[in-house]
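In my numbering, the protein residues as written are 1 to 190. Heads up, the beta-carbon is just placed ideally off N, CA and C, and yes, glycines get one too.
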């Protein structure tokens with residue numbers, strides 16, 4: 001009887017874990033839920049971890065990298081939702097401040113900074129709607145998107161990692177940030 005009770009308990013734990021939804025959110029990820037991408041094969045001496053297909057973001061298992069050899073930009077995507085761009089800015093360490101200044105001067109958008117550090121900004125962009133009202137006197141559809149602009153120096157070169165200009169959902173931006181934080185430069189001497 002003593003052996004039966006622990007065995008029965010283990011059986012119920014296994015049964016419960018099998019019945020739970022297997023999709024993940026940003027907050028419950030672990031490093032094992034991401035897969036490595038060697039950017040060295042695309043002229044960036046670094047590795048990055050990207051979310052795998054277990055995240056419920058519409059990602060596929062195939063990573064697509066668009067880059068012309070010798071060019072200064074890369075486009076990386078996994079499925080239709082998880083996409084980002086990398087730009088080589090050489091030694092321009094002021095590019096992040098220039099982006100912040102540009103955002104302050106946007107005429108048609110309200111910008112709300114959700115994160116503002118020395119290496120990245122995450123912001124919410126909302127289209128300014130003035131003068132457009134429905135018959136019920138309520139403002140029309142809100143146009144809100146989320147954006148990330150992440151700066152990383154890799155072997156003396158400043159790279160900017162960002163989502164597309166149209167923006168993404170908050171969940172995608174959070175996953176992009178987690179991926180960008182995993183960037184690891186490769187040692188040039190190895």
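Quick one: using the 10 Å Cβ neighbour count with 16 as the cut-off for buried, is residue i buried or exposed?
i           : result
residue 162 : buried
residue 143 : exposed
residue 152 : buried
residue 55  : buried
residue 93  : exposed
residue 174 : buried
residue 187 : exposed
Might you give, ordered along the chain, the residues of its own chain that have their beta carbon closer than 7 Å to the beta carbon of residue i, omitting 5 neighbours on each side?
i           : result
residue 50  : 34, 35, 37, 63, 78, 179
residue 184 : 46, 47
residue 176 : 84, 148, 163
residue 39  : 46, 47, 48
residue 114 : 122, 123, 124
residue 110 : 126, 128
residue 95  : 89, 151, 158, 160
residue 166 : 145
residue 97  : none
residue 106 : none
Please say whether residue j and residue i have beta carbons closer to each other than 8 Å?
i           : j           : result
residue 158 : residue 45  : no
residue 43  : residue 75  : no
residue 72  : residue 87  : yes
residue 150 : residue 119 : yes
Specify, as a first and last residue, the run of the beta strand (DSSP E) that residue i falls within.
i           : result
residue 35  : 34-38
residue 171 : Not the beta strand (DSSP E): residue 171 falls in the alpha helix (DSSP H), residues 170-181.
residue 87  : 82-88
residue 162 : 157-162
residue 42  : It is not in any beta strand (DSSP E) - residue 42 carries neither H nor E in the DSSP assignment.
residue 77  : 73-78
residue 153 : 144-154
residue 65  : 64-66
With a CB to CB cut of under 8 Å and the five nearest residues on each side skipped, what residues in its chain are close to residue i?
i           : result
residue 100 : 116, 121
residue 90  : 157, 158
residue 195 : In the structure as shown, the chain starts at 1 and stops at 190, and residue 195 therefore has no counterpart that could be examined.
residue 67  : 42, 43, 73, 74, 75
On the DSSP letters alone, give me the boundaries of the alpha helix (DSSP H) that residue i sits inside.
i           : result
residue 107 : From DSSP, residue 107 is part of no alpha helix (DSSP H); its letter is neither H nor E.
Grab me the residues of residue i's own chain with a C-beta within less than 6 Å of its C-beta, minus the 5 sequence neighbours each way, in chain order.
i          : result
residue 65 : 42, 76
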